[in-house]
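When you line the sequence shown up against the working numbering, it's residues 2 to 351, in that order. For glycine and all other residues, C-beta sits at the position ideal for the given N, C-alpha and C. Keep in mind that this is a model prediction, so the values were computed, not measured. First up is the structure itself, then whatever we jot down about it.
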Amino acid sequence: MVKKEFGTTPEGVQASLYILKNSRGAMVSISDFGALLVSVKVPDKDGKNRDVVLGYDDINEYLKGSCFFGAVIGRSGNRIANASFTLNGAEYHLAANENENNLHSNPQGYEKRLWSVANVTEQSITLHMLSPDQDQGFPGNFEISVTYTLTEDNRVKIHYHGICDRDTIVNMTNHSYFNLEGEDSGVSIEHQMLTLHADAYTPVIDSKSIPTGEIASVKGTPMDFTSPKTIGQDIDADFAQLKYTGGYDHNFVLSNTGRVEEMAVASSEKSGICMRAYTDCPGVQFYAGNFITMQKGKGDSSYKKRSGFCLESQFYPNAVNTPEFPSPVLRAGETYDSITIYKFEVMSEL
């Protein structure tokens, strides 16, 4: 494990970058600022490492950025309608930071705070934070840890573990953007292949991206990724759901029952890199980077619209206000425990 300086917080505290390595040459970089997944370097078909995660060189750029590159999102990812919810008869109000709705909890969310390092080894790091009662508007003192592990078979495992002293809402996710040709490739992800193990999705009402409450079949629509196809094949189709969100930015309904199961497979023929994604969550937000603005990334990289895609494991958007959806309520004293894994392979070896 290598530890490097990664910039200074607005409070004057030094942030660090921790680089995990395995015996196969893969490397993963995580910062104690925001518990950010800063880079994932894995071998391509020629044995050359490519960094497949979009990001920045130091925390100053992450502080200014609005795309949530590599972010651990909490206490609740995605959108909550009207920035409010009712729990146990009490109404709670959150920041209305996207239209009149709440997106990813707060403009100063978990991804823009310094976490404490609880444990670190050559291939694993655990970060810890206490989110106090009424933080971001949520009830209860929530103690949360996030453990990143780089395995010998090139899995990046993200393990969330938390407990709260009051009933609350918890819907943690990771907002990494992937480009399997490399974050510095300058190419769109539209020609990369994707399969989603989801027969249904949750349509949204309009461009504000709040679900209607319906669970709709993907069959016969551009939302169908049950068989492999390029991300760009139908992304600009004349289909209302895609018009609302400028391309894919929807929750897909997974069939797992609380077990860690494969949710998606993505690949690039050019690099030969295949990524398999796994989760125990009921849904995944597939976002095709429709609103990435032209900007400078790591090193000399430049990012723009559709330079990366996200597979955000989650409870469905606005689930707290939609009784028909799986509930994101964490009861007092119960344990929040969730795992998401991104496994990287070379297609020629499959």
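- In the DSSP annotation of this structure, the continuous segment of the alpha helix (DSSP H) that includes Ala241 starts and ends at 241-246.
- Ile60 and Tyr19 have their C-alpha atoms spaced approximately 13 Å apart.
- Under a 10 Å Cβ-count criterion, Ala119 is classified as exposed, with fewer than 16 other Cβ atoms of the shown protein chains found around its own Cβ.
- For the beta strand (DSSP E) assignment, the uninterrupted runs of no fewer than 3 residues enclosed by the segment 280-346 are, from N- to C-terminal side, 284-288, 311-315.
- If you compare the alpha carbons of Glu62, Thr196, Gly48 with that of Met276, the shortest gap goes to Thr196.
- In the structure shown, His162 falls within a strand segment according to DSSP collapsed to helix, strand and coil.
- Put simply, the backbone Cα of Arg156 is about 21 Å away from that of Ile190.
- Rounded to whole angstroms, the gap between the alpha carbons of Ser314 and Lys65 is 25 Å.
- Taking the C-beta atoms as reference points, Asn102 is found no nearer than 8 Å to Ile206.
- When C-beta atoms of the segment 317-327 are compared with those of the segment 133-140, fewer than three pairs fall below 8 Å, so the two segments do not count as touching.
- Look at Glu182 here: in three-state DSSP terms it is coil, with no helix or strand label.
- Secondary structure note for Tyr93: its beta strand (DSSP E) is the uninterrupted segment 91-94.
- Sequence-distant Cβ neighbours of Ser125 in its own chain, meaning closer than 6 Å and more than five residues away, are Thr150.
- DSSP places Gln137 within a helical segment (H, G or I) once states are collapsed to three.
- With a beta-carbon spacing of about 4 Å, Val171 and Leu331 fall inside the 8 Å limit used to define contacts.
- When rounded, the separation of the alpha-carbon atoms in Arg25 and Lys49 is 11 Å.
- No Cβ-Cβ contact shorter than 8 Å links Asn180 with Leu38.
- Looking at Lys244, Glu153, Val147, the one whose alpha-carbon comes closest to that of Tyr161 is Val147.
- Separation of the CB atoms of Ala84 and Leu95 is rounded to 4 Å, and the pair is thereby assigned contact status at 8 Å.
- The beta-carbon separation of Gly248 and Ala289, rounded to 5 Å, stays under the 8 Å limit for a contact.
- Counted as a single uninterrupted DSSP element, the stretch harbouring Ile211 is not any beta strand (DSSP E), since DSSP gives it neither H nor E.
- The beta carbon of Asp185 sits closer than 6 Å to the beta carbons of Ser302 from its chain, once the five residues preceding and following it are set aside; these are given in chain order.
- Across the structure, Phe316 and Asp154 are spaced so that their CA atoms are roughly 28 Å apart.
- Scanning its chain for C-beta atoms nearer than 6 Å, with the 5 sequence neighbours on each side dropped, one finds around Ser17 the residues Lys4, Phe7, Asp33, in chain order.
- One alpha carbon belongs to Asn257, the other to Tyr343, and they sit about 17 Å apart.
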